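The opening position of the sequence shown corresponds to residue 7 in my numbering, with each subsequent residue numbered one higher. Where is the CB? At the ideal position from N, CA and C, for every residue including glycine. For clarity, every value in this text was computed on a predicted model and none was experimentally measured. Since the structure comes first, as structure tokens, the remarks are kept for the end.
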Amino acid sequence: MEAYQNTALSPEERAKDLLGRMTLKEKVGQLNQRLYGFRIYERQGEEFTLTDEFKEEVERMGGLGVLYGLYRADPWADKDEKTGIVPELSAKAYNMVQHYVMEHSRLGIPMMMSSECPHGHQALGGGLLPVNLAAGATFDPALLSEGYKACGKQLKSGHVELALMSALDMARDPRWGRSEECYSEDPCLAAAMAKAAVTGMQSTGVGSVAKHFCAQGETTGGVNASAARIGERELREIHFPSAKACCEAGVEGIMAAYNEIDGVYCHRNAWCFAMYCAVRWALTAL
7 MEAYQNTALS PEERAKDLLG RMTLKEKVGQ LNQRLYGFRI YERQGEEFTL
57 TDEFKEEVER MGGLGVLYGL YRADPWADKD EKTGIVPELS AKAYNMVQHY
107 VMEHSRLGIP MMMSSECPHG HQALGGGLLP VNLAAGATFD PALLSEGYKA
157 CGKQLKSGHV ELALMSALDM ARDPRWGRSE ECYSEDPCLA AAMAKAAVTG
207 MQSTGVGSVA KHFCAQGETT GGVNASAARI GERELREIHF PSAKACCEAG
257 VEGIMAAYNE IDGVYCHRNA WCFAMYCAVR WALTAL
């Protein structure tokens with residue numbers, strides 16, 4: 007038994023030993039989340055087969071880091087109760103995928119699982135909460151936290167480690183098609199609700215990734231993923247409070263938004279992510 011396989015050692019000791027054995031390709035593969043989980047299988051009755059796309063990705067990357075949306079089922083995913091993973095088959099599907107990844111990884115590294123949770127678990131049989139606008143209208147962060155505790159328990163039972171949660175967007179333009187993912191147009195209320203959601207979810211042992219950072223709800227003309235032409239004061243006063251509150255709650259990660267801010271896309275905006283999330287708000291994982 008190698009050191010990284012020894013559960014008697016600390017996580018830090020095991021990780022250090024494992025990293026020393028990994029190739030560059032394997033390390034890159036562990037940072038990868040390119041696959042849509044709902045596309046990696048085909049269901050026939052109560053049986054599943056893995057797609058060539060999935061097998062080729064595992065081979066290409068020497069394993070699999072994070073798999074997104076294995077249980078997702080909606081019109082966008084093109085999965086329903088006949089073609090998707092129903093609750094009674096979730097353990098079978100998960101075990102099939104996880105075993106394949108570990109058996110085809112040189113070092114036997116298991117994958118992580120992330121799942122979409124805009125207002126509850128987006129899956130067949132998933133417990134749903136009111137959309138964020140409706141949750142915000144309750145003005146009751148404690149109630150929302152309890153709802154996400156229930157959601158987290160469901161995710162944990164399905165071996166999901168990361169919940170992708172809509173928590174940072176601000177309802178600044180009703181023309182924007184994702185306005186229902188916002189808790190409010192008011193930064194104080196939105197921050198309180200976002201913090202409660204993260205706290206409730208993470209109390210179950212499931213990590214939260216809060217999204218989207220930032221100013222996605224104030225793009226030009228309300229067009230999704232277009233440019234946000236706003237100043238620093240608006241960012242600080244309106245769009246930053248929810249992210250700061252989530253960092254204070256110990257959120258596991260923050261997802262970059264799809265828009266640009268004054269010509270700089272959010273995913274490469276060092277001023278937002280490095281200066282605020284990492285330095286001022288002490289976020290340790292992005």
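field: Spatial neighbours of G114 in its chain, beta-carbon cut-off 6 Å, leaving aside the 5 residues before and after
entry: If we look at G114 and ignore the five residues flanking it on each side, its Cβ neighbours are M108.
Through-space distance from E19 to A310, alpha-carbon basis: Absent from the structure is residue 310, since the part of the chain shown begins at 7 and ends at 292.
- prompt: Where does L25 land, buried or exposed, given buried means 16+ other C-beta within 10 angstroms?
  reply: Exposed, since its Cβ has fewer than 16 Cβ neighbours within 10 Å.
message: With a threshold of 6 Å on Cβ separation, who are the neighbours of P247 within its own chain once the five nearest residues in sequence on each side are excluded?
response: Contacts found: P193 and A197.
- request: Spatial neighbours of E191 within its chain, please: CB distance less than 7 Å, with the 5 preceding and 5 following residues excluded, ordered by chain position.
  value: Excluding the 5 residues flanking it on each side, E191 has same chain C-beta neighbours closer than 7 Å at M176, A177 and R178, in chain order.
Residue span of the beta strand (DSSP E) that contains K217, given as start and end: Start and end: G213 to F219.
message: Which of the three DSSP states is assigned to V270 in this structure?
response: In the structure shown, V270 falls within a strand segment according to DSSP collapsed to helix, strand and coil.
message: Distance check for G227 and R49, CA to CA, integer angstroms please.
response: Taking the straight line joining both Cα atoms gives about 42 Å.
field: For Q50, the residue or residues it bridges with in DSSP
entry: For Q50, the beta-bridge partners assigned by DSSP are E53.
field: Residues near A231 by beta carbon distance below 6 Å, same chain, minus five either side
entry: Y264 and N265.
query: Of all the alpha helix (DSSP H) runs that stay within the bounds of the region 135-189, which reach a length of 4 or more residues?
result: As summarised for the region 135-189, the continuous alpha helix (DSSP H) elements at least 4 residues long and confined to that stretch are 138-143 and 147-163, given in chain order.
task: With DSSP as the reference, please indicate the residues paired to S120 in a beta bridge.
output: Beta-bridge partners of S120 (DSSP): Y74 and L168.
- prompt: Can the beta-carbon of A79 be found closer than 8 Å to that of F44?
  reply: Contact flag set, yes.
field: contact_flag[the region 199-207, the region 237-255] where n(CB pairs < 8 Å) is 3 or more
entry: Contact between the region 199-207 and the region 237-255 is present, with at least three C-beta pairs closer than 8 Å.
message: Tell me which residues share the same chain as Q128 and place their Cβ nearer than 6 Å to its Cβ, disregarding the 5 neighbours each side in the sequence.
response: Here Q128 has R78 and E122 as same chain residues with Cβ atoms under 6 Å from its own Cβ, once five neighbours each way along the sequence are excluded.
- request: Could you pull the start and end residues of the alpha helix (DSSP H) that M102 belongs to?
  value: M102 -> alpha helix (DSSP H) spans S96 to E109.
- prompt: Which residues bound the alpha helix (DSSP H) around G228?
  reply: Note, G228: premise wrong, no alpha helix (DSSP H); not H, not E.
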